[in-house]
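Following: one structure in structure tokens, then a few remarks.
There are 4 protein chains.
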Amino acid sequence: MQQSIALFVDKGYSATSIQDIVDALGVTKGSFYYHYKSKEALLMDIHRQYIEELLARQQSILQDAAPAKEKLSEIVRLLIGDMEKQGPIANVYFRELRHLKEENAKAIRARRAEFREQIESVLIAGIKSGEFRRELNPKMIAFAVLGVTNWSYQWFQPGGELSTGELAELYTDFILHGIMPTQK
Amino acid sequence: MQQSIALFVDKGYSATSIQDIVDALGVTKGSFYYHYKSKEALLMDIHRQYIEELLARQQSILQDAAPAKEKLSEIVRLLIGDMEKQGPIANVYFRELRHLKEENAKAIRARRAEFREQIESVLIAGIKSGEFRRELNPKMIAFAVLGVTNWSYQWFQPGGELSTGELAELYTDFILHGIMPTQK
Amino acid sequence: MQQSIALFVDKGYSATSIQDIVDALGVTKGSFYYHYKSKEALLMDIHRQYIEELLARQQSILQDAAPAKEKLSEIVRLLIGDMEKQGPIANVYFRELRHLKEENAKAIRARRAEFREQIESVLIAGIKSGEFRRELNPKMIAFAVLGVTNWSYQWFQPGGELSTGELAELYTDFILHGIMPTQK
Amino acid sequence: MQQSIALFVDKGYSATSIQDIVDALGVTKGSFYYHYKSKEALLMDIHRQYIEELLARQQSILQDAAPAKEKLSEIVRLLIGDMEKQGPIANVYFRELRHLKEENAKAIRARRAEFREQIESVLIAGIKSGEFRRELNPKMIAFAVLGVTNWSYQWFQPGGELSTGELAELYTDFILHGIMPTQK
DNA sequence: GATGAATGAGCCTTCATTCAT
DNA sequence: GATGAATGAAGGCTCATTCAT
């Protein structure tokens, strides 16, 4: 899975052949098919593992008895910190959904939606508690938060100007400013 | 080009064959190669046309003698409004860069960077003029702005809850709140 | 088609690869798939062509105003004579039906059944006219006639002890003796 | 062997994989190769077992001191009755000979020829004794008898209009009529 | 006796591209 | 401008077989 992720990131799922994968591992094609039923099954495994872990970690954030502000920051940190920990898997995750069979894609899409809805629920809680502005559209803001963070996967280079930690702080700040009421 | 974009959006560049394209048009493969040197040349044309138009429209926004705030809003509107006008082309644009030859990819990446740097320059101008907060990192905010807008291409459905116009307003508001100084 | 029949006869459909076929023709695999949609499509074409010709020739025999005895002999001659004319195609025809998709197999089986039913109808006519014995089961006798003739394809060697013509005479005689009433 | 016969009948030898066989049994491939040296060895075993049993039973028929007429009827009954007893094995027997190595195929073909020659010898004896018509070609009639009976394996459905016993009577009658002299 | 993992060859099919007409 | 036919390479997958455990 690790090797295949690296290759999918580099060349894309369709352009990566099973041969590429097994060559990188020094095994043979037959061996691949002993462990995976198909190329798509491998892709599905990558998707599943990624979203499940993300959801689990999000869950543990939500259980804390912390203000919405705090929870949202944690989720941003979770998503951005992941670039380092989970590495390039997120890249595959965002780009290659379409190569799953509809049946599988649906399952993943559903789990993704759950993740987004949890963000939405934090936003709603924050609006109720007065932490966030009353006039926000929580669904669209949830998408915006995901946009800011996920887009990083397209350009962020570990070892560049900023660490993931610094970037997370920067974006937490930007997002909270965007949604908290103007102070009097 | 139109037909091929539709197919690339649907199945991805690699998974779309020349046969798919010509079948959709009711012509033959030979004919394709009369008009395009290669499959990659077609992809390059799509990329080029898209970014050039975007840059041109951005240019005309920058030439106005308007406050930075205004210019930034216009750029957000430009990007989001495009989902309707240019439709799915942006999708190809964001996903299939990697299938260009390095030489071509470099050219496109350079133009994309220009677009981002122009946003950066608007942000810098705004900071200087006091419209935006002094402590912002303009480069990262430019990326954030692109994240918010470009991410929409992943989930926005024309004819859904919001129009592109409404979404643009919503996001302009979110972004400006995120970067303007807290009012006293 | 000719080459592929020869190979299918020799090694069987499954054991014959497209490579085998195109090698025998001095062309390339790509070329094969330009002309046939799939290996199974080729097999279907062979089946279709064979049974259709057989049915057409049977039809022309049935239209004659001849006694049932005569018609049955003609049909035996048709089937046995074919070994020389159509050669090995019949072999494929009898052995490889199972490799057609159910949908295609059904179509072929239906046409085969028609052929048999025509034999049955000759038998019934002969029974009615008193040419054949009253107590015969026409369906089973039709199968028996097909058994006698089709089985030849398993062992008959052109250029052996007998010509197809002689064999046809021999079998016509055997069959007619088997079904005509005992003379007083 | 039982399971493999069922699969060979259904899909053909080439199209049946070892995996198919061991899956049907709930064991593993390694296990198959503990018991059989190769896929072909299994096929050979099937062939051998079938023809040897047939020959043994034919032998016991031949030893009876009965008229040729009687013996031939017994052999027809043996062959047709087998559809019920031995079931689908005969199907494999007739179709998959070609997948044996030449060396093995030769051995089987030789035993098959013996079976046919025994029928021939019954025919010759019957001709000599005046039971059968003088002008018959015993070899060709032996082939015809095998055709009538073996062809049944292609279409006979247990539980259909006729039992194997009834079919055997019907065909015995047809064949004897075909070869016995016309009564005065 | 049986298993799980691996192998290498081969299979059917698809593909981007070419080119004579 | 367009077509039909061909090509060679590659792609996903299956297979019979092997072997250490």
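Note that the protein sequences, when read in sequence, are chains A, B, C and D.
Residue numbers for the first sequence, in this note's numbering: 1 to 184.
Residue numbers for the second sequence, in this note's numbering: 1001 to 1184.
Residue numbers for the third sequence, in this note's numbering: 2001 to 2184.
Residue numbers for the fourth sequence, in this note's numbering: 3001 to 3184.
Every residue, glycine too, gets a C-beta built ideally from N, C-alpha and C.
If you're wondering where the values come from, they're calculated on a predicted model, not measured in any experiment.
On the CB-based measure, 16 or more other CB atoms within 10 Å of its CB, does R2112/C come out buried or exposed?
Counting of Cβ neighbours within 10 angstroms places R2112/C among the buried residues, the total reaching 16 or more.
When every heavy atom of the ligand SAH is checked, does at least one fall within less than 7 Å of the C-beta of A68/A?
Inclusion of the ligand SAH in the displayed structure is not the case, the ligand content being empty and no account of it being possible.
CA-to-CA distance, A1065/B to K1128/B, given in whole angstroms:
Going by the C-alpha atoms only, they are around 16 Å apart.
According to DSSP, is D1064/B part of a helix, a strand, or is it coil?
Judged by DSSP in its simplified three-state form, D1064/B adopts coil rather than helix or strand.
Whose Cβ in chain C lies nearer than 7 Å to the Cβ of H3047/D?
Below the 7 Å Cβ cutoff, chain C contributes no neighbours of H3047/D, its closest Cβ being approximately 15 Å away.
Anticipated Cβ contact below 8 Å, R2057/C with L2078/C, distance rounded
Rounded, the Cβ-Cβ distance is 6 Å, consistent with contact.
I'd like the list of long-range same chain contacts for D3082/D, defined as Cβ closer than 7 Å, with 5 residues on each side in sequence excluded.
Within its own chain, the residues whose Cβ lies closer than 7 Å to the Cβ of D3082/D, once the five positions on either side in sequence are excluded, are A3090, listed in chain order.
With 8 Å as the threshold, decide whether the Cβ of F1032/B is near any Cβ in chain A.
Closer than 8 Å: no.
Exposure of P2158/C, with buried meaning 16 or more beta-carbon neighbours within 10 Å
Around the beta carbon of P2158/C, fewer than 16 other beta carbons sit within 10 angstroms, so the residue counts as exposed.
What residues of chain C sit near R3095/D, judged by a beta carbon separation below 7 Å?
What R3095/D touches in chain C: R2095.
Separation of Y1036/B from G130/A, as counted between CA atoms
Approximately 58 Å between the Cα atoms of the pair.
Compile a chain-ordered list of the residues in the region 2130-2151 of chain C whose CB is closer than 9 Å to at least one CB of chain D.
Here the close residues are R2133, E2135, L2136, N2137, K2139, M2140, I2141, F2143, A2144, V2145, L2146, G2147, V2148, T2149, N2150 and W2151.
Amino acids of chain B, ordered along the chain, whose beta-carbon sits closer than 8 Å to that of K11/A:
Chain B residues near K11/A: R1098.
Distance cutoff 8 Å, beta carbons only. Does A15/A sit that close to anything in chain B?
At least one chain B Cβ lies under 8 Å of A15/A.
Close beta carbons around I3018/D, own chain, < 7 Å, minus the five adjacent residues each side:
Excluding sequence neighbours, I3018/D sits near K3029, F3032 and K3039.
Against chain D, with Cβ distances strictly below 8 Å, would L2043/C count as a contact?
By this cut-off, L2043/C is not an interface position.
Determine, for L170/A, whether the minimum Cβ-Cβ distance to residues of chain B falls below 8 Å.
Yes, L170/A counts as interfacial toward chain B.
Inspect the beta-carbon positions of N137/A and W1151/B and report whether they are closer than 8 Å.
No, these two residues do not count as a Cβ contact at 8 Å.
Please report how far the alpha carbon of E3166/D lies from the alpha carbon of K2139/C, in whole angstroms.
Roughly 13 Å separates the two Cα atoms.
Can you tell me the Cα-Cα spacing of I2061/C and E2074/C, whole angstroms?
I2061/C and E2074/C: Cα-Cα distance of roughly 7 Å.
In terms of alpha-carbon separation, which member of L3170/D, F3115/D, K3069/D and E3052/D lies closest to P3181/D?
That would be K3069/D, whose Cα lies nearest to the Cα of P3181/D.
Of all the CB atoms in chain C, is at least one closer than 8 Å to the CB of I3175/D?
Put simply, the CB of I3175/D is near chain C, with a gap under 8 Å to one of its CB atoms.
Can you give the Cα-Cα distance for G1012/B and L1025/B, rounded to whole angstroms?
Counting only the Cα atoms, L1025/B lies some 18 Å from G1012/B.
Out of Q1003/B, Q1002/B and T1016/B, which has the shortest C-alpha to C-alpha gap to H99/A?
Closest in C-alpha terms to H99/A, from the list Q1003/B, Q1002/B and T1016/B, comes T1016/B.
Say whether chain A places a C-beta atom closer than 8 Å to the C-beta of G1160/B.
Judged by the 8 Å Cβ criterion, G1160/B is not in contact with chain A.
Report yes if the C-beta distance between I108/A and I46/A is below 8 Å; otherwise report no.
No, the Cβ-Cβ distance between I108/A and I46/A is not below 8 Å.
Could you tell me which of I21/A, Q2/A, Q59/A and I179/A sits nearest to Q118/A, measuring between CA atoms?
For Q118/A, the closest alpha carbon among the candidates I21/A, Q2/A, Q59/A and I179/A is that of Q59/A.
Are Y2153/C and F2094/C touching if we call contact CB-CB under 8 Å?
Annotated as proximal: Y2153/C and F2094/C, with beta-carbon spacing under 8 Å.
Would you mind giving the Cβ-Cβ distance between V2022/C and T2172/C, rounded to the nearest angstrom? I have them listed as a contact below 8 Å.
Rounded, the Cβ-Cβ distance is 42 Å, inconsistent with contact.
Starting from the N-terminal side, write out each stretch of the alpha helix (DSSP H) that is 4 residues or longer and does not extend beyond the region 1012-1071 of chain B.
Look at the region 1012-1071 of chain B and you find these whole runs of alpha helix (DSSP H), each 4 residues long or longer: 1018-1025, 1029-1035 and 1039-1063.
By the 8 Å beta-carbon criterion, what residues does the region 68-84 of chain A contribute toward chain B?
The region 68-84 of chain A vs chain B, Cβ under 8 Å: nothing.
Tell me which residue opens and which closes the alpha helix (DSSP H) that M3001/D is part of.
Unbroken run through M3001/D: none, as it is neither H nor E.
On the CB-based measure, 16 or more other CB atoms within 10 Å of its CB, does V1148/B come out buried or exposed?
Under the 10 Å beta carbon count, V1148/B is surrounded by 16 or more other beta carbons and is classified as buried.
Go ahead and pull the three-state DSSP assignment for P138/A.
The answer is helix: DSSP assigns P138/A an H, G or I state.
Nearest to G3160/D by alpha carbon, out of E3084/D, R3134/D, S3004/D and V3027/D?
Taking only the C-alpha atoms, the option nearest G3160/D is E3084/D.
Alpha-carbon spacing of R1133/B relative to I1179/B, whole angstroms:
Going by the C-alpha atoms only, they are around 6 Å apart.
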